[in-house]
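Here the structure is laid out as structure tokens; the discussion comes afterwards.
Protein chains: 2
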Amino acid sequence: MGRTSTARERLLEAAGDLLQTRGYGSLGVAEICTRAEVKKGSFYHFFESKQALTAEAATAYWHQQRACWTAELAGPDPALIRLRRVLAALTAAQHAHKETNGTVDGCLLGNLALELSTQEPDVRACLANAFDEQTALITATLLTAAAEGDIPPHHATSATARAVIAQLEGLVLFAKLRNDPSVLDTLWSGTLLLLGADPDRP
Amino acid sequence: MGRTSTARERLLEAAGDLLQTRGYGSLGVAEICTRAEVKKGSFYHFFESKQALTAEAATAYWHQQRACWTAELAGPDPALIRLRRVLAALTAAQHAHKETNGTVDGCLLGNLALELSTQEPDVRACLANAFDEQTALITATLLTAAAEGDIPPHHATSATARAVIAQLEGLVLFAKLRNDPSVLDTLWSGTLLLLGADPDRP
Numbered sequence: 772m773g774r775t776s777t778a779r780e781r782l783l784e785a786a787g788d789l790l791q792t793r794g795y796g797s798l799g800v801a802e803i804c805t806r807a808e809v810k811k812g813s814f815y816h817f818f819e820s821k822q823a824l825t826a827e828a829a830t831a832y833w834h835q836q837r838a839c840w841t842a843e844l845a846g847p848d849p850a851l852i853r854l855r856r857v858l859a860a861l862t863a864a865q866h867a868h869k870e871t872n873g874t875v876d877g878c879l880l881g882n883l884a885l886e887l888s889t890q891e892p893d894v895r896a897c898l899a900n901a902f903d904e905q906t907a908l909i910t911a912t913l914l915t916a917a918a919e920g921d922i923p924p925h926h927a928t929s930a931t932a933r934a935v936i937a938q939l940e941g942l943v944l945f946a947k948l949r950n951d952p953s954v955l956d957t958l959w960s961g962t963l964l965l966l967g968a969d970p971d972r973p
Numbered sequence: 772m773g774r775t776s777t778a779r780e781r782l783l784e785a786a787g788d789l790l791q792t793r794g795y796g797s798l799g800v801a802e803i804c805t806r807a808e809v810k811k812g813s814f815y816h817f818f819e820s821k822q823a824l825t826a827e828a829a830t831a832y833w834h835q836q837r838a839c840w841t842a843e844l845a846g847p848d849p850a851l852i853r854l855r856r857v858l859a860a861l862t863a864a865q866h867a868h869k870e871t872n873g874t875v876d877g878c879l880l881g882n883l884a885l886e887l888s889t890q891e892p893d894v895r896a897c898l899a900n901a902f903d904e905q906t907a908l909i910t911a912t913l914l915t916a917a918a919e920g921d922i923p924p925h926h927a928t929s930a931t932a933r934a935v936i937a938q939l940e941g942l943v944l945f946a947k948l949r950n951d952p953s954v955l956d957t958l959w960s961g962t963l964l965l966l967g968a969d970p971d972r973p
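Quick mapping for you: the protein sequence lines, in order, are chains A and B.
Residues in the first sequence are numbered from 772 upward in steps of one, following our numbering.
Residues in the second sequence are numbered from 772 upward in steps of one, following our numbering.
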């Protein structure tokens, strides 16, 4: 059963894996505990409920992704090149998961957003916060791209950033449904169109 | 309990409602039967499993939507005007549900696509088929729009049609997460950009 100090992390990790492959509704605390090798009696020592654990697991998922976003968005390259790197990294992750596990898992944030509907307000608040942070990161990048003359200034807005993320989530939905990450091949050309950028740029 | 001849339809209707608000994973056959006022023993007379009922409910949902799509896409107006009518009708449906029930329910096809992952292949085949039909309807409209000179011919493709649907599904995801249908206000301007159309057209 390992040390108590790691039981909480094991529960979070098990929940992240199971939520991604199985969804929220059909997942029980007992199953999470089994995967985490934590006694069910200990679960409520660490988390108030399945909802509380899911909110933390979704936040942990985003924080891990955010580290990738900020790494790809850093550096001296033009803003559009850096944005392209983020989208390429997200696409590569879907390809890698397909190659390793045989399935396109999609985005845990999007999966939970559509499954939970108006239920589980604490989880939904975490998801909304994650998408707000994504929007802010892309908006800042678009402002730089506009200053660099690569997109029209009127497209350097949070509305355009949300459109870019919506396009990403929609294509990830299709990639997951078809279990085919190549659906994402059009992501960058679609993004350039949404930005009003030159569609022939590399 | 009503006549046997309507029990099947009641099960389909109850499943459609419950899947939309509750999702698939946490929904049980007993609950569907209670909502439909059908004895649980009768369920398996009509449907082999929850998966079989869900596949039929998703198809029924799409056929109902498809009637709306084809009605809005019909008529003598320019193709882009007709496409705009479809998207406006879908947006109006989200607003109407929010006003009537207090919630943005989103799209049952998208909800199920993200929740089911690689499970339940029969349901996923129905969803893929529905999205294929949507793609075909939009592609045909784009071909007309190109012939009418309203979009560049190289955007009159199924890839562009999928991008339009991806943008729609992504924005519906955000509208559902925030329970705010006004998220869809940018749908048409984003669509015009994806089509390479004049963004200032009405």
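Note that CB positions come from ideal geometry on N, CA and C, so glycine has one too.
Predicted model, so just to flag it, every value in this text is computed and none were measured.
{"query": "Runs of beta strand (DSSP E) lying entirely within the segment 814-882 of chain A, each at least 3 residues, in chain order", "result": "none"}
{"query": "Boundaries of the alpha helix (DSSP H) in which V954 (chain B) is found, first to last residue", "result": "From DSSP, V954 (chain B) is part of no alpha helix (DSSP H); its letter is neither H nor E."}
{"query": "Assigned secondary structure, T743 (chain A) (DSSP; H/G/I helix, E/B strand, else coil)", "result": "With chain A represented from 772 up to 973, any question about residue 743 (chain A) goes unanswered, as that position is not in the structure."}
{"query": "Chain A contact residues for E940 (chain B), given Cβ-Cβ distances below 7 Å", "result": "G941 and L944"}
{"query": "Selected residue, minimal CA-CA separation from C878 (chain B), among B:W833, B:P892 and B:D971", "result": "B:W833"}
{"query": "As assigned by DSSP and simplified to three states, the class of V809 (chain A)", "result": "coil"}
{"query": "Of the listed residues B:P847, B:L783 and B:P849, nearest to S820 (chain B) (C-alpha basis)", "result": "B:L783"}
{"query": "Under 9 Å (Cβ pairs) to chain B, residues found in the segment 795-815 of chain A", "result": "Y795, G796, S797 and L798"}
{"query": "K811 (chain B) beta carbon less than 7 Å from that of A801 (chain B)", "result": "yes"}
{"query": "Residue closest to R946 (chain B), alpha-carbon to alpha-carbon, out of A:Q835, A:Q822, A:L966 and A:L885", "result": "Contrary to the premise, residue 946 (chain B) reads as Ala rather than Arg in this sequence. For A946 (chain B), the nearest C-alpha among the options comes from A:L885."}
{"query": "Same chain only: Cβ atoms within 7 Å of T931 (chain B), ignoring 5 sequence neighbours per side", "result": "L913, L965 and L966"}
{"query": "is_contact[G920 (chain A), chain B] using C-beta, thresh 7 Å", "result": "no"}
{"query": "Exposure of E780 (chain B), with buried meaning 16 or more beta-carbon neighbours within 10 Å", "result": "exposed"}
{"query": "Cβ of R972 (chain A) within 7 Å of any chain B Cβ", "result": "no"}
{"query": "Residues in the segment 850-875 of chain A having any Cβ partner in chain B nearer than 7 Å", "result": "T874"}
{"query": "Three-state class that DSSP yields for E886 (chain B) in the structure shown", "result": "helix"}
{"query": "Residues of its chain near A917 (chain A), where Cβ-Cβ distance is below 6 Å and the 5 sequence neighbours each way are ignored", "result": "P924 and A927"}
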